[in-house]
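Visitor:
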Amino acid sequence: MSSTEGASFYVGQLFPLTATETNLKIRFLEPNISYDSVNPSLRAALADESVRLGVEILQEDKQILENIQKGISHSSSPGIISDEEVRIQYFFDAYNKAIAE
Numbered sequence: 228m229s230s231t232e233g234a235s236f237y238v239g240q241l242f243p244l245t246a247t248e249t250n251l252k253i254r255f256l257e258p259n260i261s262y263d264s265v266n267p268s269l270r271a272a273l274a275d276e277s278v279r280l281g282v283e284i285l286q287e288d289k290q291i292l293e294n295i296q297k298g299i300s301h302s303s304s305p306g307i308i309s310d311e312e313v314r315i316q317y318f319f320d321a322y323n324k325a326i327a328e
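Sequential numbering of the sequence shown, starting at 228, is according to our numbering.
1) With a threshold of 16 other CB atoms inside 10 Å of the CB of Tyr237, please say whether the residue is buried or exposed.
2) Between Gln286 and the rest of its own chain, which residues show a CB-CB distance below 8 Å, the 5 nearest in sequence each way excluded?
3) With DSSP as the reference, identify every bridge partner of Pro243, one or two as the case may be.
4) For Leu241 versus Leu280, is the C-beta spacing smaller than 8 Å?
5) Taking only the alpha-carbon atoms, compute the straight-line gap between Gly298 and Ser264 and give it to the nearest angstrom.
6) Nearest to His301 by CA position, among Glu257, Tyr322, Pro258 and Leu244, is which residue?
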């Protein structure tokens, strides 16, 4: 989830499908405020730029995630640094199980 100075928000989800394929879902939202004093063309330009920037950032994240997924398939190490990283361990276990199927 991210915000463009409070003028718009987006929630992005990346779903790994394989080591080289990720499904990207994005939802853009505007706050429920009055824009009476804002020029409509300025508001539209801000919304367009927010969408463009949000998609660009999530595409970069998607590429990073897919590179990490490729690395996982070549590693015998779970990548866990401490016992406190149980969520990371769960992810590795679920990912390795899914890839094996």
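Where is the CB? At the ideal position from N, CA and C, for every residue including glycine.
A quick note: this is a predicted structure, and the numbers were derived from the prediction, not measured.
Guide: With the given structure in hand:
1) Counted from its first residue, the sequence shown places residue 237 at position 10. Looking at its Cβ environment, which holds 16 or more other Cβ atoms inside 10 Å, Tyr237 is buried.
2) Position 59 of the sequence shown, counted from the first residue, corresponds to residue 286. The answer, listed in chain order, is Leu251.
3) Here residue 243 refers to the residue found at position 16 of the sequence shown. According to DSSP, Pro243 bridges with Thr249.
4) On the sequence shown, residue 241 is found 14 positions in, with the first residue counted as 1. On the sequence shown, residue 280 is found 53 positions in, with the first residue counted as 1. The answer is no: Cβ separation not under 8 Å.
5) On the sequence shown, position 71 is the one that residue 298 refers to. On the sequence shown, position 37 is the one that residue 264 refers to. Their backbone Cα atoms lie some 51 Å apart in a straight line.
6) Within the sequence shown, residue 301 is the residue found at index 74, counting from 1. Selected option, being the one with the closest Cα: Tyr322.
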